[in-house]
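Residue numbers (the working numbering), protein chains in the order written: chain U, 127 to 363; chain R, 3 to 149.
Worksheet: one structure, shown below.
Structure below.
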């Protein structure tokens, strides 16, 4: 048993060290592409930490969303950007960085202070394990017939909460669609402009109609030319 | 740059990546289905399954380009799916109320203790559909933007 705990601690420490290294890399690196890829590595390591905590479902959500979807979105953003993704390194000036440094140290101290009061990881006497968790563990199989307690809590005892979460995801998709998703819809009625140089709005017509439109355009232009010539000649006389 | 989303074959020159993606997509989708339907026995559930399925489709989009991937599952269909998931979830609760119970009182489905399993299965299906369609919509819309 002690052997298992020691191995677990070793694995966790290794993962956390690697996470620290990748954070420093993200700060130091100047190429945006590398930053995105190192962030993906950071997320994968976080998924590993969740596995050592026996939270496998959280781990593969983290791996899929963090390392998969977020990296994809980051790379897609880079593909859309027109400028070169290499951000030029500014000269490090101590005077400019002293303010942010103070804020970072202060926030870090507050976080450590907050973590001081937290129960030790895995402590059976922690408040979170004294409230309803024992009841769920004891009764959920008799009440639901589902071996996975997490599923019976999410889908049974807390079904209304999960409904709220689903609605949040739904709202996110609707928000993205409403903000930038509906640009490629064609307007229902198109007023055909009379004097339009480009052939963009001819796409909806058949080949014959396009031909007629081009001929009309030609006639209009030649008519305009003749009028202009006449006017010029009239001025000459 | 290794990544051209707006071209027809974005990974044509990166054939190692293309080969890996092509062989991994079916496994990911199968695993997503496993996570969806075995959520009551093994870790996972609707949310994880939806995300995994979306990852499969997004990887396909990386392979063939966003416009071709959109032809597999069009935007209108995705919009329908995202709403259908929430409707299934909420409709399950409403059905319980119509059968004379409380909101999400699965016992009204009948069959004793299996009723709870049916209820959880139905709402997990709703969650999975919504999450899958949402993530796919977000990726397609954001990555399909022309700069």
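All residues carry an ideal CB built from backbone N, CA and C; glycine is no exception.
Please read all numbers here as calculations on a predicted model, not as lab measurements.
Residues in the same chain with beta-carbon distance under 6 Å from residue 126 of chain R, minus the five sequence neighbours each way, listed in chain order, please. Excluding the 5 residues flanking it on each side, residue 126 of chain R has same chain C-beta neighbours closer than 6 Å at 41, 47 and 48, in chain order.
What is the DSSP secondary structure of residue 44 of chain R, counted as helix, strand or coil? If DSSP states are grouped into helix, strand and coil, residue 44 of chain R belongs with coil.
Among U/248, U/260 and U/347, the one whose alpha carbon lies nearest that of residue 131 of chain U: Per the Cα distances, U/248.
Any chance the segment 23-39 of chain R sits against the segment 108-121 of chain R, with 3 or more Cβ pairs inside 8 Å? The way I'd put it, the segment 23-39 of chain R doesn't touch the segment 108-121 of chain R; fewer than three beta-carbon pairs between them come closer than 8 Å.
Starting from the beta carbon of residue 170 of chain U, find every residue of chain R whose beta carbon is closer than 8 Å, and list them in chain order. At a C-beta separation below 8 Å, residue 170 of chain U has no neighbours in chain R, since its nearest C-beta there lies roughly 14 Å away.
Validate contact between the segment 129-147 of chain U and the segment 171-179 of chain U using beta carbons, cut 8 Å, 3 pairs: yes
Would DSSP call residue 148 of chain U helix, strand or coil? helix
Shorter than 8 Å from the beta carbon of residue 178 of chain U to some beta carbon of chain R? no
Near residue 59 of chain R, which residues of its chain fall below 6 Å by C-beta distance, leaving aside the five closest residues on each side in sequence? 138
Starting from residue 116 of chain R and walking both ways along the alpha helix (DSSP H), at which residues does that stretch end? 116-145
Spatial neighbours of residue 272 of chain U within its chain, please: C-beta separation below 6 Å, excluding the five flanking residues on both sides. 278
If contacts are defined as beta-carbon pairs under 8 Å, then residue 90 of chain R and residue 128 of chain R qualify, I think. What distance do you get, rounded to the angstrom? At roughly 4 Å, the Cβ-Cβ gap stays under 8 Å, so residue 90 of chain R and residue 128 of chain R are in contact.
Specify the secondary structure class of residue 251 of chain U as computed by DSSP and reduced to three states. Looking at residue 251 of chain U - three-state DSSP - the assignment turns out to be coil, as it is neither helix nor strand.
Determine whether the beta carbon atoms of residue 18 of chain R and residue 64 of chain R lie at a separation below 8 Å. For residue 18 of chain R and residue 64 of chain R, no; Cβs fall outside 8 Å.
Looking at chain U, is there any beta carbon in it that lies within less than 8 Å of the beta carbon of residue 18 of chain R? no
Taking the alpha-carbon positions, what's the residue 189 of chain U to residue 56 of chain R distance? 13 Å
Which same chain residues, not among the five before or five after residue 31 of chain R, have their C-beta less than 8 Å away from its C-beta? 54, 55 and 58
Report, in whole angstroms, the separation of the C-beta atoms of residue 262 of chain U and residue 275 of chain U, which I expect to be a contact under 8 Å. 6 Å
Under 7 Å between beta-carbons, which chain U residues line up against residue 100 of chain R? List them in chain order, please. The contacting residues do not exist; residue 100 of chain R stays about 17 Å from chain U at best.
Does the beta carbon of residue 322 of chain U come closer than 8 Å to any beta carbon on chain R? Reliability fails at residue 322 of chain U, whose pLDDT of 48 lies under 50, so the model's placement of it is uncertain and the value that follows must be treated cautiously. By this cut-off, residue 322 of chain U is not an interface position.
Which residue from R/61, R/74, R/142 and R/84 puts its Cα closest to that of residue 25 of chain R? Closest option to residue 25 of chain R, Cα to Cα, is R/61.
Count the other C-beta atoms from every protein chain shown that fall within 10 angstroms of the C-beta of residue 98 of chain R, then say buried if there are 16 or more, exposed otherwise. buried
Please list the residues of the segment 256-276 of chain U that have a C-beta atom closer than 9 Å to any C-beta atom in chain R, keeping them in chain order. 268, 269, 270, 271, 272, 273, 274 and 276
Assigned secondary structure, residue 79 of chain R (DSSP; H/G/I helix, E/B strand, else coil): helix
If you reduce the DSSP assignment to three classes, tell me which class residue 128 of chain U lands in. Residue state, collapsed to three classes: helix.
Using a C-beta to C-beta distance shorter than 8 Å, which residues of chain U count as neighbours of residue 136 of chain R? Counting only Cβ-Cβ distances below 8 Å, residue 136 of chain R has contacts in chain U at 295, 296, 298 and 299, in chain order.
Using a Cβ-Cβ cut-off of less than 8 Å, give me the residues of the segment 183-201 of chain U that come near chain R, in sequence order. For the segment 183-201 of chain U, the beta-carbon criterion of a distance under 8 Å to any beta-carbon of chain R is satisfied by 183, 186, 187, 190, 191, 194, 195, 198, 199 and 201.
Does any CB atom of chain R fall closer than 8 Å to the CB of residue 313 of chain U? For residue 313 of chain U, the pLDDT reaches just 49, beneath the cut-off of 50, and the residue's location in the model is therefore unreliable, although a value from the coordinates is still provided. No, residue 313 of chain U does not count as interfacial toward chain R.
How is residue 238 of chain U classed by DSSP in three states: helix, strand or coil? helix
Please list the partners that residue 49 of chain R has in chain U, where partner means a Cβ-to-Cβ separation under 9 Å. 183, 187, 280, 288, 291, 292 and 295
Does any CB atom of chain R fall closer than 8 Å to the CB of residue 358 of chain U? Judged by the 8 Å Cβ criterion, residue 358 of chain U is not in contact with chain R.
Under 8 Å between beta-carbons, which chain R residues line up against residue 302 of chain U? List them in chain order, please. The answer, in chain order, is 139, 140, 143 and 144.
Assign residue 264 of chain U to buried or exposed, taking buried as 16 or more other Cβ atoms, counted over all protein chains shown, within 10 Å of its Cβ. exposed
Relative to the alpha-carbon of residue 44 of chain R, which residue among U/174, U/129, U/184 and U/341 has its alpha-carbon at the smallest distance? U/184
Would residue 136 of chain R and residue 299 of chain U qualify as a contact pair, given that the criterion is a beta-carbon distance under 8 Å? For residue 136 of chain R and residue 299 of chain U, yes; Cβs fall inside 8 Å.
Taking Cβ to Cβ, would you say residue 202 of chain U is nearer than 8 Å to residue 170 of chain U? no
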